[in-house]
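Notes follow once the structure below has been shown.
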Amino acid sequence: MILDSRTLVLVADGGRARIFEESRLGGPLTEHPDWLAGLAVHGESNPEKAEPAFLDRLCHRVDALFDKHGFEHLILIAAPRSLGLLRTRLSAKLKARLVLSEPHDRLAASLDTIEHAVRAMRVASA
0 MILDSRTLVL VADGGRARIF EESRLGGPLT EHPDWLAGLA VHGESNPEKA
50 EPAFLDRLCH RVDALFDKHG FEHLILIAAP RSLGLLRTRL SAKLKARLVL
100 SEPHDRLAAS LDTIEHAVRA MRVASA
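With this note's numbering applied, the sequence shown covers 0 to 125.
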């Protein structure tokens, strides 16, 4: 088991997201709101079109972050519908790096709650 691998944790719904970095396995999460600058939903009045468009842009941003920051693993936490749409939009590279996912809307959750959720997912998958 590699303890110093870097993990990107993406928490999202159909129109908003939060990104966290876990610099070592089981370590604290650091939120990076600046990594999502300019990614908000843009003027689409139809939610059926806005959500997929936002998730497409989000996946492209995550892909770029993997290249720029050298992440090894990806964890997704998203509302059930958004999680399904995210999974279909991930590049092959990100799909290969996806280690855990959880179908819950935790966008408004505290940092402690998200850290606990990540740890619980790891325990459940062990």
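Glycine is no exception: its CB is placed at the ideal position from the N, C-alpha and C atoms. In this text, all values refer to a predicted model and were calculated from it rather than measured experimentally.
For R126, collect the residues of the same chain with a Cβ closer than 7 Å to its Cβ; drop the 5 residues on either side in sequence, then sort them by chain order.
-> Since the displayed the chain opens at 0 and closes at 125, residue 126 lies outside it and no answer follows.
Backbone secondary structure at A116 - three-state DSSP | Sequence index remark: in the sequence shown, residue 116 carries index 117 (1-based). Reduced to three states, the DSSP call for A116 is helix.
Please state whether DSSP places H31 in a helix, a strand or coil.
-> Walking along the sequence shown from the start, residue 31 turns up at place 32. DSSP places H31 in coil when its eight states are reduced to three.
Between F65 and L7, what straight-line distance do the alpha-carbon atoms span, to the nearest angstrom?
-> Counting from one through the sequence shown, the residue named residue 65 turns up at place 66. Counting from one through the sequence shown, the residue named residue 7 turns up at place 8. Distance between the alpha carbons of F65 and L7: 8 Å.
How big is the Cα-Cα spacing for R88 and V122?
-> One-based indexing of the sequence shown puts residue 88 at position 89. One-based indexing of the sequence shown puts residue 122 at position 123. Their Cα atoms are separated by approximately 27 Å.
Kindly indicate which three-state DSSP category H72 falls into: helix, strand or coil?
-> One-based indexing of the sequence shown puts residue 72 at position 73. Three-state DSSP puts H72 in a strand.
Which term fits D12, buried or exposed, when burial requires 16 or more other beta carbons within 10 angstroms of its beta carbon?
-> Here residue 12 is taken as the residue at index 13 of the sequence shown, counted from 1. The residue in question, D12, is buried, as its Cβ has 16 or more Cβ neighbours within 10 Å.
Inter-residue Cα distance where the pair is K130 and R60 | For residue 130 there is no data in the structure shown, the boundaries of the chain being 0 and 125.
Given K92 as reference, the closest of V98, A78, E21, D62 once Cα atoms are compared = As a first step, residue 92 is located in the sequence shown; it is residue number 93 there, counting from the start. It is D62 whose Cα lies nearest to the Cα of K92.
Can you name the residues that DSSP bridges to A11?
-> Counting from one through the sequence shown, the residue named residue 11 turns up at place 12. A16, A77.
With DSSP as the reference, please indicate the residues paired to L97 in a beta bridge.
-> Position 98 of the sequence shown, counted from the first residue, corresponds to residue 97. In DSSP, L97 forms a bridge with L73.
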